[in-house]
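Peer 1: Once you've had a glance at the structure underneath, I'll fire off some questions.
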Amino acid sequence: MPDLVRRLRDHGQERLADALDGLEGPARARLAAQVQALDLGQIQGLVRDLVLGGGGEAAPGELGPAEVVRLPRTDADRDRERRAREAGEEALREGAVAAVLLAGGQGTRLGFAAPKGMFPFAPVSGRTLFAQHAASVEAVRARYGCDLPWYLMTSPQNDEDTREFLADCGSFGLPPDSVQPFVQGTMPAVDLRTGDILREAPDRLALSPDGHGGLLAALRRHGLLDEMRSRGIRVIYTFQVDNPLVRVARPELIGHHLLGGAQMSSVVVAKTGPSERMGVVATVDGRTAVVEYSDLPDELAEAREPDGGLRYWAGSIAVHCIDLAFAERLTGGGLALPFHRAVKKVRHVDDSGSVVDPAEPNAVKFETFIFDALPLAERTVTVEAERGEEFSPIKNAEGADSPASAARDVAARAARWLAAAGVAVPRDPDGAPLHPVEIDPRLALDPGELAERVPPGLVIGGPTILGPERLPRG
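Each residue of the sequence shown is one higher than the last, beginning at -1 in the numbering used here.
Dropping the structure here:
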């Protein structure tokens, strides 16, 4: 124990050293175990660069628009898309793809005191985000006759609740051994002014998830990269829990990724305007990167092409294909994703052990972002998707990107698919579907599949759910 206290002092954490030195018995052992797990040299460097150094991160280098595989508009485009779809479907049938859901978030901003995946988003059935993604996984497995292993990255804060929910819902009808949660890593919060590591209790550090960039390190730490290698996986398909419209293991993206020889690929949609708060895929010093909306100067965010369109239009929807070999190289000790700072309010205890509940942001949390792997890839592919078909995130309690906007978009997509299949959909004066409609992914993953399976003589006379007779619980 004296060695651990000395190490803390050597790395500029005198207050935590004093706190540890002042504890006894089990409390001292609990705090010591947490401290032992820290990379104190790494934290000292982060405090120096991101806290005491003024907190500024390096400004983006020379920016340029990304090269994007645009939505098909010509016969040549449609032929390219067909070849990509066929390549992706072949990879799925071969069992070369794993689906990884980033599900570490809580529903706090929605006023929902549970993992965000448990949020009941659906306009008719009230099904949860977890149930929606599970149905998509099941549908892909059935369509391509593949295993498509499903991994869910949780956080320490929601892992237990997520596992209990999966068990209570019977893994939504999926074989339980094909659904594998794993926990992402954590980093300690530090004082915004001093860089001191904070404690949430006298014998516990104030730890928080290390960001979605912790995905690859967590996969390695839990032995899942090795498991994927043994299963013949070549492509890791990642997606976010808060997007009910997401296409899980979309074959076109997988195919473009494989045919392009990419190490990492991304999906983008056209931004609604220059001020939309989403990162854009661009080039930075000639390498593909995601530039956060807060890092894109106004003059660039508003820059236009000769046709009037935004120059930086390609908004990232946080869907990626990652080559397994690339993930292994990134986590093999030679490369690491950079940390970013997030200034937050963090409840903690002071030197006397009294609880401090700050009224203003008082701490820095350190996070990594998965998209920071893009500039490390020698070859990337970026593919455009239609926003109304694949992107409607639930992030805010009200307004844009809220449960209400997602319910609207879910119903609007279902109505478009039904209309394309020849089903009359009653609409209000603004053209929106008069009744909410849901299409279970296990009935149809796209409009063409729905056209083949829509019940004959279907009439939409009220709120409607189309899908298997027995919906998964949850």
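For each residue, glycine too, the CB sits at the ideal point set by N, CA and C.
Report buried or exposed for residue 371, applying the criterion of at least 16 other Cβ atoms within 10 angstroms of its Cβ.
Peer 2: The residue labelled residue 371 in the question sits at position 373 within the sequence shown. By the neighbour-count rule (16 or more Cβ atoms within 10 Å), residue 371 is buried.
Peer 1: Have a look at 407, 256 and 304 and flag the residue whose alpha-carbon is nearest the alpha-carbon of residue 94.
Peer 2: To locate residue 94, count along the sequence shown from 1; it is residue 96. Comparing Cα positions, the closest option is 256.
Peer 1: Mapping the DSSP letters down to three states, classify residue 18 as helix, strand or coil.
Peer 2: For the purposes of this step, residue 18 is taken as the residue at position 20 of the sequence shown. Helix at residue 18.
Peer 1: Taking buried to mean at least 16 other C-beta atoms within 10 Å of its own C-beta, is residue 468 buried or exposed?
Peer 2: Here residue 468 is taken as the residue at index 470 of the sequence shown, counted from 1. In this prediction, residue 468 scores a pLDDT of 43, lower than 50, which makes its location untrustworthy; the coordinate-derived value is nonetheless stated afterwards. By the neighbour-count rule (16 or more Cβ atoms within 10 Å), residue 468 is not buried but exposed.
Peer 1: Do three or more CB pairs link the segment 130 to 150 to the segment 175 to 190 at distances below 8 Å?
Peer 2: Yes, the segment 130 to 150 is in contact with the segment 175 to 190.
Peer 1: Do residue 129 and residue 238 count as a contact pair if the criterion is CB distance below 9 Å?
Peer 2: Within the sequence shown, numbered from 1, the residue matching residue 238 stands at position 240. Within the sequence shown, numbered from 1, the residue matching residue 129 stands at position 131. No. Outside cutoff.
Peer 1: For residue 191, count neighbouring C-beta atoms within 10 Å of its own C-beta (all shown protein chains included) and say buried if the count is 16 or more, exposed if not.
Peer 2: As a first step, residue 191 is located in the sequence shown; it is residue number 193 there, counting from the start. Flag for residue 191 reads exposed.
Peer 1: Assuming residue 325 and residue 214 form a contact by the criterion Cβ under 8 Å, report the distance between their Cβ atoms to the nearest whole angstrom.
Peer 2: Numbered from 1 along the sequence shown, position 327 holds the residue referred to as residue 325. Numbered from 1 along the sequence shown, position 216 holds the residue referred to as residue 214. About 5 Å; that satisfies the 8 Å criterion.
Peer 1: Output yes or no for whether 9 Å exceeds the beta carbon distance between residue 113 and residue 159.
Peer 2: As a first step, residue 113 is located in the sequence shown; it is residue number 115 there, counting from the start. As a first step, residue 159 is located in the sequence shown; it is residue number 161 there, counting from the start. A contact, by the Cβ cut-off of 9 Å.
Peer 1: How many angstroms separate the CA atom of residue 86 from the CA atom of residue 286?
Peer 2: Numbered from its first residue, the sequence shown carries residue 86 at position 88. Numbered from its first residue, the sequence shown carries residue 286 at position 288. The alpha-carbon atoms of residue 86 and residue 286 are separated by roughly 22 Å.
Peer 1: For residue 197, which beta-bridge partners are listed by DSSP?
Peer 2: Position 199 of the sequence shown, counting from 1, holds the residue named residue 197. Answer by DSSP bridge pairing, in chain order: 203 and 347.
Peer 1: Going by C-alpha distance, which of 101, 274 and 420 is nearest residue 399?
Peer 2: As a position in the sequence shown, residue 399 is number 401, starting the count at 1. Among 101, 274 and 420, the Cα nearest to that of residue 399 belongs to 274.
Peer 1: Given a cut-off of 9 Å, decide if residue 369 and residue 403 are closer than it, judged by their beta-carbon atoms.
Peer 2: Here residue 403 is taken as the residue at index 405 of the sequence shown, counted from 1. Here residue 369 is taken as the residue at index 371 of the sequence shown, counted from 1. In this structure, residue 369 does not lie closer than 9 Å to residue 403 by Cβ.
Peer 1: Look at the Cβ atom of residue 444, then the Cβ atom of residue 133, and state whether they are nearer than 9 Å.
Peer 2: For the purposes of this step, residue 444 is identified with residue 446 of the sequence shown, where counting begins at 1. For the purposes of this step, residue 133 is identified with residue 135 of the sequence shown, where counting begins at 1. The answer is no: Cβ separation not under 9 Å.
Peer 1: Residue 31: which of 18, 138 and 449 sits nearest, CA to CA?
Peer 2: Walking along the sequence shown from the start, residue 31 turns up at place 33. Checking every option, the nearest Cα to that of residue 31 belongs to 18.
Peer 1: Ends of the beta strand (DSSP E) at residue 364?
Peer 2: Counting from one through the sequence shown, the residue named residue 364 turns up at place 366. Where residue 364 is concerned, the enclosing beta strand (DSSP E) stretches over 361 to 365.
Peer 1: Looking at residue 96 and residue 231, is the spacing between their C-beta atoms short of 9 Å?
Peer 2: In the sequence shown, counting from the first residue as 1, residue 231 sits at position 233. In the sequence shown, counting from the first residue as 1, residue 96 sits at position 98. Their beta carbons are under 9 Å apart, which means residue 231 touches residue 96 by this criterion.
Peer 1: Cα-Cα, which of 318, 16 and 410 is closest to residue 428?
Peer 2: Looking up residue 428 in the sequence shown gives position 430. Nearest C-alpha to residue 428: 410.
Peer 1: In the DSSP assignment, the alpha helix (DSSP H) including residue 149 goes from what residue to what residue?
Peer 2: Along the sequence shown, one-based indexing puts residue 149 at 151. Per DSSP, residue 149 belongs to no alpha helix (DSSP H); it is in the beta strand (DSSP E), 148 to 152.
Peer 1: Taking all protein chains shown into account, do 16 or more other C-beta atoms lie within 10 angstroms of the C-beta of residue 393, making it buried, or fewer, making it exposed?
Peer 2: Mapped onto the sequence shown, residue 393 falls at position 395. Classification for residue 393: buried.
Peer 1: May I have the straight-line CA-CA distance separating residue 300 from residue 290, to the nearest angstrom?
Peer 2: As a first step, residue 300 is located in the sequence shown; it is residue number 302 there, counting from the start. As a first step, residue 290 is located in the sequence shown; it is residue number 292 there, counting from the start. The alpha-carbon atoms of residue 300 and residue 290 are separated by roughly 15 Å.
Peer 1: Return yes when at least one heavy atom of the ligand GDP lies under 8 Å from the C-beta of residue 251, else no.
Peer 2: As presented, the structure is devoid of all ligands, the ligand GDP included, so that no description of it is given.
Peer 1: Can you tell me where the alpha helix (DSSP H) with residue 209 in it begins and where it stops?
Peer 2: To locate residue 209, count along the sequence shown from 1; it is residue 211. No alpha helix (DSSP H) contains residue 209, which DSSP labels as neither H nor E.
Peer 1: Quick one: complete alpha helix (DSSP H) runs, 4+ long, within the segment 243 to 316?
Peer 2: Entirely contained in the segment 243 to 316, the alpha helix (DSSP H) runs reaching 4 residues are, in chain order, 249 to 257 and 296 to 299.
Peer 1: Roughly how many angstroms separate the alpha carbons of residue 341 and residue 48, rounded to a whole number?
Peer 2: If you number the sequence shown from 1, residue 341 lands on position 343. If you number the sequence shown from 1, residue 48 lands on position 50. Answer to the nearest angstrom: the Cα atoms are 10 Å apart.
Peer 1: State the start and end residues of the unbroken beta strand (DSSP E) segment that holds residue 116.
Peer 2: Residue mapping note: residue 116 aligns to position 118 of the sequence shown, counting from 1. Careful: residue 116 lies outside any beta strand (DSSP E) and carries neither H nor E.
Peer 1: Quick check: the Cα distance between residue 92 and residue 139, rounded to an integer number of angstroms?
Peer 2: Working through the sequence shown from its first residue, we reach residue 92 at position 94. Working through the sequence shown from its first residue, we reach residue 139 at position 141. Cα to Cα, the separation comes out at about 11 Å.
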